[in-house]
C-alpha cells in the first residue's frame, strides 16, 4: 500500500512540474471535500483546468486513463462544482484533463489528455 501511495505522490509531483513547464499556473493541489477530490487545479490562459493524475508502472490493469471511470468522473464533477461555488468562479471557463504518468526504470513519461468528457 505504501509503495502505491508513494508512486501516486511521485506521479502528482511529476505532473505538476510538467504542467508548470507548459505554462500552467498551479492554483491548488489535492483539493478535497465530501463530494470528492481533485488532484490538481490549474489555470491555462483563461481556463480553469481540473486535472486527475493517474500513475502506473505497467499496463497490466489497463491504461491509466481507464481508471477514470464514470463514478470517478462524477466525484470529480461534484468536487469541481463545489470548488467553483466556494471561490465564486461559476462564470469561468473550465475543462477537465487527465495526466497519465508512466514510471519505467526510474524515468517518468507523461501523456496529457486534454478536455476529457
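In the working numbering, the protein residues as written are 1 to 117.
Backbone N, C-alpha and C fix where the C-beta goes; we use that ideal spot for every residue, glycine too.
What does a CB cutoff of less than 7 Å around residue i pick up in its chain, not counting 5 residues either side in sequence?
{"i": "residue 36", "result": "75, 76, 78, 79"}
Excluding the five sequence neighbours on either side, which residues of its own chain have a C-beta within less than 6 Å of the C-beta of residue i, listed in chain order?
{"i": "residue 44", "result": "24"}
{"i": "residue 29", "result": "40"}
In the DSSP assignment, find the alpha helix (DSSP H) that holds residue i and state where it starts and stops.
{"i": "residue 142", "result": "Outside the displayed range of the chain (1 to 117) lies residue 142, so it cannot be described from this structure."}
Which whole-angstrom value is the C-beta distance of residue i and residue j, which I expect to be below 8 Å?
{"i": "residue 98", "j": "residue 52", "result": "5 Å"}
Kindly indicate the opening and closing residues of the beta strand (DSSP E) around residue i.
{"i": "residue 112", "result": "107-113"}
{"i": "residue 32", "result": "25-33"}
Based on Cα-Cα distance, which residue from the options lies nearest to residue i?
{"i": "residue 32", "options": "113, 116, 86", "result": "86"}
{"i": "residue 124", "options": "21, 10, 94", "result": "A query on residue 124 cannot be resolved here, the shown segment of the chain reaching from 1 to 117 and no further."}
{"i": "residue 94", "options": "50, 106, 69", "result": "50"}
{"i": "residue 14", "options": "4, 27, 54, 48", "result": "54"}
{"i": "residue 59", "options": "83, 103, 107", "result": "103"}
Looking only at its own chain, which residues have a Cβ that is under 8 Å from the Cβ of residue i, when we skip the five neighbours before and after it?
{"i": "residue 113", "result": "65, 97, 98, 99, 100"}
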